[in-house]
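There are 2 protein chains.
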Amino acid sequence: MITKNGNTEIKNIVNLMKKSKTRQEKSTFVVEGIKMFCEIPRDRIIKAYATEKFYEENIKLFEGIEYALVSDNVFSYMSDTKTPQGILALVRMKKAKLSDIAESEKPLIMIIDELQDPGNLGTVIRTGEGAGITGVLLSKNTVDIYNPKTIRSTMGSIFRVPFVYSNDLAKDIDILKNKGIKVYASHLDGKCNYTEPDYCSGSAFIIGNESKGIRNEIVKHADTLIKIPMKGQVESLNAAIAATILMYEAGRQRDGSC
Amino acid sequence: MITKNGNTEIKNIVNLMKKSKTRQEKSTFVVEGIKMFCEIPRDRIIKAYATEKFYEENIKLFEGIEYALVSDNVFSYMSDTKTPQGILALVRMKKAKLSDIAESEKPLIMIIDELQDPGNLGTVIRTGEGAGITGVLLSKNTVDIYNPKTIRSTMGSIFRVPFVYSNDLAKDIDILKNKGIKVYASHLDGKCNYTEPDYCSGSAFIIGNESKGIRNEIVKHADTLIKIPMKGQVESLNAAIAATILMYEAGRQRDGSC
């Protein structure tokens, strides 16, 4: 059993928890908690770390995977949560390509430009799976999808919704358009109500930063600016809320008349 | 200038920040930050507290209201945020009655049963104003709407959307039904897709607790159980996300064919 915080493996895990750069260098991220642990595709688990109590109560979960036991203190030290459940795992990243998300039968893609809140990103991924999106394209400065808070708020969708970080979002949007996908930007200047377009064929929605919205150089690559009507004195909606309204409107159309 | 944390007024503010019971006893709550301060109806401000720096930079905001200056240290001590903006205010509660929210022209009501996350509640209020809801009915064990986190996440909608805490939610739901309002419960057992009903006449949606959903004794008072379809392996949606989908579907119908 590992009982020292200074142990090399433990130091490695803490770095992977905290640092996006370390995660990228090692193509590895950390998944914590029993619900999320059960969602990990088994072949992507590099190694699990559990407290003795968790291990003894859930021994079947460890069949066929490499694992180590750690003391309660060490687990608390590694954990990203206030009430640790006693299980985490190192998981191999799986990189999708733009073609993976652009060439599904009827693409429905979320394009995320500079979103910063980890919980918002996770909520978009989780809700997006429910609405039937086929993939997510993220600008390189969007919050890291492997941030522990993002992973947790995806509730497992991170393992099922393909996503790609783009080094050149404008260029990748043009690639989507060349494949016949219509690109809609949610924008306060939009003249077109979000319920008007027909989302039955390949469609993509761009959502921007929580306070600044979508960058101008990205907006101009959209085919159509759409707006979500807001009554009362509401000036804006939370980014994940706006994404939800758009994704479920596309889902509604696709379930019905398409 | 108030320079001591032990000052009676400061202790009072800290209690109002932290304790729902104190807020109820005094019919007073605390609003923090410049954006939210500007949203407060002026006649409801009891007293404002500002740092000298904030006051000097925003002197016009203090015309006609009672205020006190406090040192930076005292402000940090009172503040609910990590990076305080130097302004907060004591605000008088304004209580709505069930009839206020039930007797608007075409009621669209959110009924909240035991929701626990302050941010979720605030997001429902903010998004609800945008979607055009006419009021909110909350079970008495729902998180306190005057929680500083809830207030912040309403982005000001708390001053514009009428709400009522109910001592007997089942009874109040029956009152709404007797006024001709159709009550829909979002429920995993729902057979009816949420897009099927006609929400053009008086309608209300019940949303439940983040993990337990709506209590059974409340569910049975609904006219219709509706479901939000979820693709992939998604088992549930965040409560504020589910509320958003329902409220904006009602808004979509009301903007179009009603």
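Which chain is which? The protein sequence lines are U and L, in order.
The numbering used here applies: residue 5 is where the first sequence begins, and numbers increase by one.
The numbering used here applies: residue 5 is where the second sequence begins, and numbers increase by one.
Cβ coordinates follow ideal geometry from the N, Cα and C atoms, glycine included.
Asked, Found
"Cβ of M40/L within 7 Å of any chain U Cβ", "no"
"As assigned by DSSP and simplified to three states, the class of G160/U", "coil"
"Proximity test, Cβ basis, 7 Å: V337/L and chain U", "Since the displayed chain L opens at 5 and closes at 262, residue 337/L lies outside it and no answer follows."
"Listed by chain order, chain L residues near V238/U by CB distance under 7 Å", "R130, E133, G134, S161"
"Endpoints, beta strand (DSSP E) assigned at A93/U", "91-96"
"Contact with chain L by I245/U, beta-carbon distance below 7 Å", "yes"
"C-beta contact flag for F33/U and T55/U at 7 Å", "no"
"First through last residue of the alpha helix (DSSP H) which encompasses S207/U", "Note, S207/U: premise wrong, no alpha helix (DSSP H); beta strand (DSSP E) at 207-211."
"Close beta carbons around S157/L, own chain, < 6 Å, minus the five adjacent residues each side", "G123, G126, T127"
"Min CB distance S234/L to chain U below 7 Å", "The residue asked about is misnamed: residue 234/L is Met in this sequence, not Ser. Interface residue, yes."
"Same chain only: Cβ atoms within 7 Å of P233/U, ignoring 5 sequence neighbours per side", "N197"
"Under 7 Å (Cβ pairs) to chain L, residues found in the stretch 184-210 of chain U", "T199"
"Under 7 Å between C-beta atoms of I137/U and M251/U", "yes"
"Closest residue to P166/L among L141/L, G184/L, K181/L, Y150/L (Cα-Cα distance)", "L141/L"
"Where A52/U falls: helix, strand or coil (DSSP)", "strand"
"Listed by chain order, chain L residues near D259/U by CB distance under 7 Å", "P233"
"Closer than 7 Å to chain C by CB, Y252/L", "No chain C is part of this structure, whose protein chains are labelled U and L."
"Chain L contact for T85/U (CB, 7 Å cutoff)", "no"
"Contact check, F41/U vs I91/U, beta carbons under 7 Å", "yes"
"Three-state secondary structure (DSSP) of C196/L", "strand"
"Cutoff 7 Å: R46/L Cβ touching any chain U Cβ", "no"
"Inter-residue Cα distance where the pair is E118/L and P201/L", "25 Å"
"Which listed residue (K110/L, K98/L, E133/L) has its alpha carbon closest to that of R48/L", "K98/L"
"Inter-residue CB distance, G206/U and I230/U (contact presumed, cutoff 8 Å)", "Incorrect: roughly 16 Å between the Cβ atoms, too far for contact."
"Beta-bridge partners of M40/L, as assigned by DSSP", "Beta-bridge pairing links M40/L to no other residue."
"Neighbour flag for L142/U against chain L, beta carbons, 7 Å", "no"
"In chain order, each beta strand (DSSP E) run of at least 3 residues that lies wholly inside the stretch 121-176 of chain L", "139-143, 167-170"
"Contact set for Q89/U: own chain, Cβ-Cβ below 8 Å, skip 5 residues either direction", "E36, G37, I38, F58"
"Touching by the beta-carbon criterion (3+ pairs, under 8 Å), the stretch 108-118 of chain L and the stretch 180-190 of chain L", "yes"
"Residue from G132/L, K101/L, M21/L, K144/L with nearest C-alpha to Y81/L", "M21/L"
"Presumed contact (8 Å Cβ cut-off) between I115/U and I210/U, rounded CB distance", "4 Å"
"Min CB distance N242/U to chain L below 7 Å", "yes"
"G217/U, DSSP secondary structure in three states", "strand"
"CB contact flag (V187/U, A208/U, <7 Å)", "yes"
"Contacting residues, own chain, Cβ-Cβ under 6 Å from T85/L (five flanking each side not counted)", "none"
"Identity of the residue in A254/U, K175/U, I162/U, T228/U nearest L192/U by Cα", "T228/U"
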